[in-house]
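Only one structure is covered here, and it is reproduced in the block below.
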């Protein structure tokens, strides 16, 4: 029985080869198609490469320098460090904290100093004018 199957397969292949020889478009398509063995071997190679890549990724994420959940950072222990700098000249000063009490106090103190300077200038003008 198995010998018959092989004979039938050879006969079908021979008929197919004869048909392909007669039709140039079909023969061109058949020549450009990949064989089943090529497709399977390419699939096996992709699976092997994926396994290697996944092991590399696992090793990179679980090495000694990356402890468990290393990407998390506990922020409750930190002070207010959210600097939204309005001007780069004010960086690393209290004025760099936009919309904060530190910036409010900084500008309030500056305004009070400027007010004192203006009042002193007015007093000097009054004394010099009289």
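Numbering (this note's numbering), first residue to last: 16 to 145. Even for Gly, the Cβ is constructed at its ideal location relative to N, Cα and C. All of these numbers come straight from a predicted model, not from anything done at the bench.
Helix, strand or coil: how does DSSP classify residue 109 here? Along the chain shown, read from residue 1 onward, the residue named residue 109 stands at position 94. Three-state DSSP puts residue 109 in a helix.
Range covered by the alpha helix (DSSP H) that runs through residue 56: One-based indexing of the chain shown puts residue 56 at position 41. Segment 51 to 76, the alpha helix (DSSP H) holding residue 56.
State buried or exposed for residue 110, treating a residue as buried only when at least 16 other CB atoms are found within 10 Å of its CB. Here residue 110 is taken as the residue at index 95 of the chain shown, counted from 1. With 16 or more Cβ atoms within 10 Å of its Cβ, residue 110 is classed as buried.
Whole angstroms is fine: what's the gap from residue 123's alpha carbon to residue 117's? Working through the chain shown from its first residue, we reach residue 123 at position 108. Working through the chain shown from its first residue, we reach residue 117 at position 102. One C-alpha to the other measures close to 10 Å.
Starting from residue 87, follow the alpha helix (DSSP H) in both directions and report where the run begins and ends. To locate residue 87, count along the chain shown from 1; it is residue 72. That residue, residue 87, is in no alpha helix (DSSP H); it is neither H nor E in DSSP.
Extent of the continuous alpha helix (DSSP H) to which residue 45 belongs: Counted from its first residue, the chain shown places residue 45 at position 30. That run of the alpha helix (DSSP H) goes 39 to 47.
Is it right to say residue 73 is buried, meaning 16 or more other beta carbons lie within 10 angstroms of its own, or is it exposed? Sequence index remark: in the chain shown, residue 73 carries index 58 (1-based). The residue is exposed, with fewer than 16 neighbouring Cβ atoms inside 10 Å.
Is residue 115 helix, strand or coil when you go by DSSP? Looking up residue 115 in the chain shown gives position 100. Note: residue 115 maps to coil in three-state DSSP.
Span separating the alpha-carbon of residue 128 from that of residue 135: Mapped onto the chain shown, residue 128 falls at position 113. Mapped onto the chain shown, residue 135 falls at position 120. Rounded to whole angstroms, residue 128 to residue 135 spans 11 Å at the Cα level.
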